[in-house]
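Colleague:
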RNA sequence: GGGCGGGUAGCUCAACGGCCAGAGCACUCGCCUUACACGCGAGGGGUUCGGGGUUCGAAUCCCCGCCCGCCCA
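In this note's numbering, the protein residues as written are 8 to 1108.
1) Name the DSSP bridge partner or partners of residue 315?
2) By the 10 Å Cβ neighbour count, where 16 or more other Cβ atoms means buried, how is residue 981 classified, buried or exposed?
3) Is the number of C-beta pairs between the stretch 388-402 and the stretch 347-356 that are closer than 8 Å three or more?
4) Got a sec? Which residues, its chain only, sit under 6 Å from residue 200 by beta carbon, not counting five neighbours each side?
5) On the premise that residue 626 lies in contact with residue 602, defined as a C-beta separation below 8 Å, what is that separation, rounded to the nearest angstrom?
6) Residue 757 and residue 909: beta carbons closer than 8 Å?
7) Short check: CB of residue 936 to CB of residue 41, under 8 Å?
8) For residue 409, which of 1014, 984, 387 has the nearest alpha-carbon?
9) Please report how far the alpha carbon of residue 600 lies from the alpha carbon of residue 615, in whole angstroms.
10) Give me the Cα-Cα distance between residue 80 and residue 1083, rounded to the nearest whole angstrom.
11) Under the rule that 16 or more other beta-carbon atoms within 10 Å means buried, what is residue 734, buried or exposed?
12) Please state whether DSSP places residue 531 in a helix, a strand or coil.
13) Roughly how many angstroms lie between the CA atoms of residue 499 and residue 187, to the nearest whole one?
14) Measure the CB-CB distance between residue 96 and residue 900 and report whether it falls below 8 Å.
15) Taking the alpha helix (DSSP H) that residue 135 falls in, what are its first and last residues?
16) Could you check what DSSP says for residue 788 in three-state terms: helix, strand or coil?
17) Who does residue 938 pair with in a DSSP beta bridge?
18) Taking DSSP as the reference, what is the three-state secondary structure of residue 202?
19) Verify whether the separation of the beta carbon atoms of residue 109 and residue 72 is less than 8 Å.
20) Hey, residue 926 and residue 942: beta-carbon distance below 8 Å or not?
21) I need the DSSP call for residue 525, collapsed to helix, strand or coil.
22) Nearest CA to the CA of residue 331: which residue from 1077, 291, 285?
23) Residue ranges of each beta strand (DSSP E) run of no fewer than 3 residues wholly in the stretch 991-1040, ordered along the chain?
24) Thinking just about the alpha-carbon of each residue, which of 209, 924, 870, 435 is nearest to the one in residue 221?
25) On a Cα-Cα basis, can you pick out the residue from 884, 83, 198 that is closest to residue 533?
26) Alpha carbon to alpha carbon, what distance is there between residue 1024 and residue 862?
27) Is residue 657 a contact residue of the ligand MN, with contact defined as CB to any heavy atom under 7 Å?
28) According to DSSP, is residue 25 part of a helix, a strand, or is it coil?
29) In this structure, how does DSSP classify residue 873 when only helix, strand and coil are distinguished?
30) Got a sec? Which residues, its chain only, sit under 6 Å from residue 52 by beta carbon, not counting five neighbours each side?
31) Please report the Cβ distance between residue 726 and residue 762, rounded to the nearest whole angstrom; I am assuming they are in contact, meaning their Cβ atoms lie under 8 Å.
32) Report yes if the CB atom of residue 682 is closer than 8 Å to the CB atom of residue 854, and no otherwise.
33) What is the rounded straight-line gap between the Cα of residue 1134 and the Cα of residue 372?
34) In whole angstroms, what is the alpha-carbon distance linking residue 326 and residue 678?
35) Using 8 Å as the Cβ pair cut-off and three pairs as the minimum, do the stretch 1013-1020 and the stretch 988-996 touch?
36) Nearest to residue 911 by alpha carbon, out of 807, 797, 416, 860?
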């Protein structure tokens, strides 16, 4: 599906004529090849660096190599191409940087599935390198498909610069970024709960999960109460001291004496219990406490007591925490009462810090131990973090679902299962494997994005007017003085803070998305970047852990200290979990040493390995490399080396020329995943400034404090998401997706592009009703809009060119500014407004507006009116031919960004036609090979705007429409010539327009006298005209119907207008011009009504 | 739970305090008019989700409610 495979048709003879019909498939391949051959899309950063041209740059959101592109990609890339092509024509040195993303988990999962289907083998049945090679092959295959699709769409990327997130240039960027962040303490290793996919056996990010309701139950388990009897504390036991074997049962009577409400209802000498409600009984093996709300009336009586976990025998404390939901009977506030969990709550919560996010946090608050009772494949295990198995060994090795049944059974057998209630709630599932996500305690690498140098600076990148963050919270050091003594910021402090809140120039379109961006950073949590995968950037850290006394550790430490090249290796040491500085003298304990290697140097790695260091087996989250995209694609951190490696000699000029880039175009869910991270990384890692010092002057210096790097892009445009006709996301599963290639095949690339651009309004979703075509493929009637429009463009050009050719190819003489005809002045005026509207729309990312402006300009103005108007005269009017040519040229240029193929194919012939300059309209010639893609964007002088011509033309059009209406009403055949009776003065007032009316309405003659025979009256702008010779007999009934209807309409609007004027407040408070306008309208409506009534009377007489 | 967006003609969308609320598709009528039937000309079709309020004036601004969707927790 490469370019070469596209069907190429030979360049047609340069006749200046167009074939009868536009068939996209006959042109797209050839036109594409012309662009490529001419290097039309190749950017020259040197021109920017030398100050010869202004830069315009877009970084493609790199598509995943997982699968072919869908319609959302088509939209995303079409919009980028529109911007890129328009700016290229405007004279910017324009770079659209292409590339693809390795999409770690998604790609690996697809290949694992494929290998399983084909070979019935798992990833682990292959050596790591071998399996990676399989993924690599898959990537090559799909990358080619994707790039082929982009080219078919017409994407004018600088294809020579194409990057891949795992190519050697990008790998170096990842390595450098990781190294610096590690060295600066912004990357750390932590034990946290992650979303664990037990099938893929990896941690997955929140956005790789989905929620789904599951029917399950609440199980009510009784935990016997005991008194720990002064034995070891929880902390002591965590340190390896055995649990107390002298736990003493607590009886109901004892509880009663402690004031426990309801204890008296139980048999006094029986052992008391508390009942926990849980949806996951099997996790009781990992319980390390039972929590009770301090407001619970039972809490006081339980203070200091413990429970003993059945079978396990573990004695765990009862802690008090406000997080615990009170049962509905104890609810005090409405909110508590309405908490759906209150219905199921017992007031006692089993706390399993290693298997539940909320419990984890509760555990942190109370310093509870963490017991992990699951192995990575989702089975109960006694090898992954607990030893006090006791009688619970019967659960070991069971899958979680089996273990659940067994636990319930065992509790029941012991009379400890109090109840089971059905319950439905949402449970996290893995996108990739559909498995239920297990919260899992494990060692992971994190980026400390909560650091001020990260999230806060991302927010500060926003332009001040898009900052809404609270100054109280984020007051910069500079502004603290202005805080009043009471601590409340003064007004001036707020203003100052708003300034200090922003040192950037990044702007969201639509602006509301700035809030999403800010909110994300205000609530951000550290970013887990390790993934237990094989496909991706391997984490460049080698680790060694050893135990020993002070001498041993110090000795070992000094050995590998010698291995470091100071710039190449960053070492961080942790003694019993606490970081120790290099200079510290070590005491005895457990020393964990992490060595991060900057370069992929096998000798250094081998040296560390010889001391027992082992490289981390995990790879980085895909977004880590994506976050570097604005830098890595431009050769950072070593552009000269990248240039040498890739053969792209001008690589070193890219960063200074194109970072910050102009705009990022993406969908809204990407704001948090990608936009945020690119912003944080660009600002942090480029803090030293761009190599040549050409960095963005608005963003880099002073304000940032401590050297803050540039924003990665000035604008962020968030476009709509395409849904099907029912408002559902398009997806493979639903089978409602539309394949861009199918649309291109049936409608042409331009048709698809135009339709997509036309759909792109400022809303967050757009719907595309989907239906099956004759071949059973998904399509949508909406694409007919684009196809019809492209055809219209083609035919209009064909016609215009025929008229231009009719002179036998002799050059059209220059057009003097003065003596233009009415249609010419009108058309030029419309063009001037059209250009202005397109410019505004594009500058504000109002794509639909741009498409609609082009649509109206071509179809309504140019085709319906202008071409029709000039038909009788253009052959004999050289000046008119000059305007015709210029008008078509302008429209081709305005439309090129959205419909590049058809416009270029037309220009191929049209460009050779002789022309003449039209004063006031600047149409710079093509810069490369006569290609429209490199021609200048049209510029119209404001003098071309001609309100008088527009008014005069509107008058003509009004009369024409009125006459056509009568013709249609009376079904006058098109070819029948009719007579217009028009007073001499009115004909005079029409001026040039009189001839236009004659031509456009097929009027035989204008007669200043009243008609002798049957006629029909019409009124336009309160002037009265008559039409005769309509037919052999005028249908008076039809005419009466028409008039009656017209009178009805006029009466209605007369009433509206009179009512408005009768309102006393209106004349008083509304602006004068508005009142005058209403008066004028009323006057004209009255006159028209009088005329219509008169006509009716005449008809009835 | 918090935040955001949306509800306008049969469908997809405009109209951002001021034309009689518009366009394309679909529909009706008439046209193979020598660029185009993927076309030309004409036409029908709307209680702008419901209820209050502000205003000379509200689809538009404010409040309440209903419905749909998205994001974050």
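Glycine is no exception: its CB is placed at the ideal position from the N, C-alpha and C atoms.
Here the structure is a predicted model, which is why all the values come from computation and not from measurement.
Modeller: In short:
1) In the DSSP assignment, residue 315 is bridged to 322.
2) Around the beta carbon of residue 981, a 10 Å sphere encloses fewer than 16 other beta carbons of the protein chains shown; the residue is thus reported as exposed.
3) Contact between the stretch 388-402 and the stretch 347-356 is absent, because fewer than three Cβ pairs lie under 8 Å.
4) The answer, listed in chain order, is 364, 367, 446, 448.
5) With a contact defined as Cβ atoms closer than 8 Å, residue 602 and residue 626 miss out at about 18 Å.
6) Going by beta carbons, residue 757 and residue 909 fall inside the 8 Å limit.
7) Note that the C-beta distance between residue 936 and residue 41 is below 8 Å.
8) In terms of Cα proximity to residue 409, the closest of 1014, 984, 387 is 387.
9) Going by the C-alpha atoms only, they are around 11 Å apart.
10) Each residue's alpha carbon lies about 51 Å from the other.
11) A residue is called buried once 16 or more other Cβ atoms fall within 10 Å of its Cβ, and residue 734, having fewer, is exposed.
12) The three-state secondary structure of residue 531, taken from DSSP, is coil.
13) Note that residue 499 scores a pLDDT of 45, beneath 50, so its modelled location is shaky and nothing firm can be said.
14) Inclusion of residue 96 and residue 900 in the CB contact set at 8 Å is warranted, their separation being smaller than that value.
15) Per DSSP, residue 135 belongs to the alpha helix (DSSP H) from 135-160.
16) In the displayed model, residue 788 falls within coil according to three-state DSSP, outside both helix and strand.
17) In the DSSP output, where bridge partners are listed per residue, residue 938 has none listed.
18) Of the three classes helix, strand and coil, the one that applies to residue 202 here is strand, per DSSP.
19) Yes, the Cβ-Cβ distance between residue 109 and residue 72 is below 8 Å.
20) If you check the CB distance, residue 926 and residue 942 do not come in under 8 Å.
21) Looking at residue 525 - three-state DSSP - the assignment turns out to be helix.
22) Residue 331 has its Cα closest to that of 285, out of 1077, 291, 285.
23) When DSSP assignments are scanned along the stretch 991-1040, the uninterrupted stretches of beta strand (DSSP E) that are 3 or more residues long and fall wholly within it turn out to be 1010-1014, 1022-1027, 1030-1035.
24) Nearest neighbour of residue 221 by Cα position, chosen from 209, 924, 870, 435, turns out to be 435.
25) When each option's Cα is compared against that of residue 533, the closest is 198.
26) Roughly 35 Å separates the two Cα atoms.
27) Inclusion of the ligand MN in the displayed structure is not the case, the ligand content being empty and no account of it being possible.
28) Of the three classes helix, strand and coil, the one that applies to residue 25 here is coil, per DSSP.
29) Note: residue 873 maps to helix in three-state DSSP.
30) A distance below 6 Å between beta-carbons, with the five flanking residues on each side excluded, links residue 52 to the following residues of its chain, in chain order: 657, 660, 661, 664.
31) Between residue 726 and residue 762 a beta carbon distance of about 14 Å is seen, past the 8 Å cut, so the two are scored as non-contacting.
32) For residue 682 and residue 854, no; Cβs fall outside 8 Å.
33) Here the chain comprises residues numbered 8 to 1108, so residue 1134 is not present and cannot be evaluated.
34) Separation of residue 326 and residue 678 (C-alpha to C-alpha, rounded to the nearest whole angstrom) is 40 Å.
35) Enough Cβ pairs lie closer than 8 Å, so yes.
36) Looking only at 807, 797, 416, 860, the smallest Cα-Cα distance to residue 911 is reached by 797.
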